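Following: one structure in structure tokens, then a few remarks.
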Amino acid sequence: MNIQELMKQAQKMQKEIKEKEKRLNQEEFTFSRHGIELVISGGREIKKLTINPALADPDDMETLEELLIITINEALLELNKKHEALMPKQEGTPF
610 MNIQELMKQA QKMQKEIKEK EKRLNQEEFT FSRHGIELVI SGGREIKKLT
660 INPALADPDD METLEELLII TINEALLELN KKHEALMPKQ EGTPF
């Protein structure tokens, strides 16, 4: 394979990745954990947040805050995995 063929192949791969990423960014994902439901776009934008009223204890806001952080971080971790899955896995390439 010559350098021009490699460049064409790399450009084709890059275009495919961009198209897949664009589609992923338009999707919405729902995560429901710890009494909190989070709808987040593939572009990592929070679209909706629903909290179980039982968690809204004014005397214990710290627990609610911690659960929010945990849920959001778990959702972002899952989205990062989806974005990483878009990247081709090729062994033996110099880049």
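Quick note: the sequence shown uses my numbering, first residue 610, plus one each step. Backbone N, C-alpha and C fix where the C-beta goes; we use that ideal spot for every residue, glycine too. Please read these numbers as outputs of a predicted model, since none were measured by experiment.
Three-state class that DSSP yields for residue i in the structure shown
{"i": "LYS691", "result": "helix"}
{"i": "ASN611", "result": "coil"}
{"i": "LYS617", "result": "helix"}
Output the residue ranges of the beta strand (DSSP E) runs that lie fully inside the stretch 622-670 and measure 3 residues or longer, sorted by chain position. 637-642, 645-650, 655-660
Do the stretch 685-700 and the stretch 656-673 touch if we need at least three Cβ pairs shorter than 8 Å? no
Inter-stretch contact at 8 Å, needing at least 3 Cβ pairs: the stretch 667-685 / the stretch 627-636: no
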